[in-house]
Amino acid sequence: MPSNLPTETTDGKLFVVATPIGHMEDITLRAIRTLKEVDLIAAEDTRQTQKLLARYKISTPLVSYHDHNKKKRTPELVHKLKAGRSIALVTDAGTPSISDPGYYLIREAVREAISTVPIPGASAAIAALSISGLPTDSFIFIGFVPRKPAKRKELLDELKEQQRTLVFYESPKRVLGLMREILNVMGNRKAVLARELTKVHEEILRGPLSAVLKELSARSFLKGEFTLLVAGREGVPEIDHKSVLDDIKRLRHEQDRSLSDVVKEIARQYNVSRKLVYEQALKLEKNGKSW
């Protein structure tokens, strides 16, 4: 049976290349070879990437590609790829599109059935997890949280019931605020704060979130990129499922509210995840006890 899935063409390839997050030696031999062999390198900051290229004697032409010019630059790069040119996509540090520019170009390349090739390497999230001492068999990568307070609070409320380790990225200007909000929403959990990973002034702080926050708050100046790991919730919250079901029916009948509003209120009232409440609502419908 013929497939409707797009087939990758024999046009040029887009190589998504991970670069060092700090220590310049944290780059793979394959990444160096790829950067030497492609026709063009699309870089978040050409000045920053040029330092890496100079160290490894790479003379491949550079072009800028970042959030401010992606809409203009993407069609140009896709055109080159379809014409058979090979392009390497890099950011200042780490892997493109993982809390960094790149998603827009990669998405368009995939839509055009252009071959996209990962060249893996250093990751702040994985590096921090590996030395954290927190459970790593299952974790949630959040990256940077929303700037708007309401959106940020909504996200943290949804994450507080998770039993998996949480991984955040944050800047020096906002890391203290984020830690205070997590402490307020999730309580005083185990935490690991990694600063300037793989760089000269690398620092790892471990302990209860309140202790890590106190240590950081005492400093007059914060510098570097931060990776914050927060332990997941221990155990499953005990709730009265019958009470939850009764409240779902009551709020729907008495106040004629949408299911979404009811789920939000009950999740907040019982301090449980919206998913759990929504599953209870689905059970009502399945049992023929819908409103």
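Note that our numbering gives residue 229 to position 228 of the sequence shown, counting from 1, and the numbers run on in steps of one. By construction, the Cβ of each residue, glycine as well, lies at the ideal position given by its N, Cα and C atoms.
Residues in the same chain with beta-carbon distance under 6 Å from residue i, minus the five sequence neighbours each way, listed in chain order, please.
i	result
E45	H67, T92, D93, P102
I205	A195
S4	Residue confidence for S4 is low, a pLDDT of 47 falling below 50, so the modelled location carries little weight; the figure read from the coordinates is stated next. Here the set comprises nothing.
A192	L210, V213, V231
R275	V264, A268
M187	K161
H69	none
So residue i is in the beta strand (DSSP E); what residue range does that whole segment cover?
i	result
E204	204-209
Y170	166-171
V319	Residue 319 falls outside the range modelled here, since the chain spans only 2 to 292, and no answer is possible.
T117	117-120
G144	140-144
I42	41-44
V201	First-last for V201: undefined, no H or E at that position.
R196	191-196
V273	It is not in any beta strand (DSSP E) - V273 carries neither H nor E in the DSSP assignment.
Note down, in chain order, each residue of its chain lying with its Cβ closer than 7 Å to the Cβ of residue i, except the 5 sequence neighbours on either side.
i	result
Q281	H242, V245, L246, I249
E171	F145, L179, F227, L229
Q49	D93
Q51	L63
Y104	S98
P7	Residue placement at P7 is flagged as unreliable, the pLDDT there being 48, under the threshold of 50; the coordinate-derived value follows with that caveat. Closer than 7 Å at the Cβ level, and outside the excluded window around P7, lie A114.
L198	I22, G23, A125, A128, A129, T228
What residue range is occupied by the uninterrupted alpha helix (DSSP H) comprising residue i?
i	result
A128	125-131
L179	176-187
E159	150-160
T50	47-56
E77	71-83
E109	104-112
E1	With the chain covering only 2 through 292, there is no way to say anything about residue 1.
So residue i packs on residue j, CB below 8 Å; how close in whole Å?
i	j	result
L15	T117	5 Å
V273	V264	Between V264 and V273 the Cβ distance is about 10 Å, and since that is not below 8 Å, they are no contact.
S13	I88	The sequence as given places Gly at residue 13; Ser does not occur at that position. Indeed, because the Cβ distance is near 7 Å, the residues count as touching under 8 Å.
T126	V168	Per the sequence shown, residue 126 should be read as Ala rather than Thr. Indeed they touch by this definition, with Cβ atoms about 5 Å apart.
V64	L36	Not confirmed; about 13 Å, so no contact.
S211	N189	5 Å
G208	P173	Not quite, the Cβ-Cβ distance comes to about 20 Å (not below 8 Å), so this is no contact.
L41	T61	7 Å
Ignore the nearest five residues each way along the sequence and tell me which others in residue i's own chain have a CB closer than 8 Å to its CB.
i	result
E9	With a pLDDT of 45 at E9, under the threshold of 50, the predicted position of this residue should be treated as unreliable, though the coordinate-derived value follows. Result list for E9: A114, I115, S116, in chain order.
L156	I143, V146, P147
V79	L106, E109, A110, E113, I115
S100	G144, F145, Y170
Counting only beta-carbon separations shorter than 7 Å, does residue i have a partner in chain E?
i	result
I22	Annotation note: the requested chain E is absent from the structure, which comprises a single protein chain.
Would you mind listing the alpha helix (DSSP H) stretches within the stretch 219-267 that are 4+ residues and don't spill past its ends, in chain order?
242-256
Does the structure place the stretch 215-223 close enough to the stretch 166-184 that three or more beta carbon pairs sit under 8 Å?
yes
Does the stretch 21-33 come close enough to the stretch 118-129 that 3 or more CB-CB pairs lie under 8 Å?
yes
Taking 8 Å as the threshold, find out whether the stretch 159-173 comes into contact with the stretch 225-233 through three or more Cβ pairs.
yes
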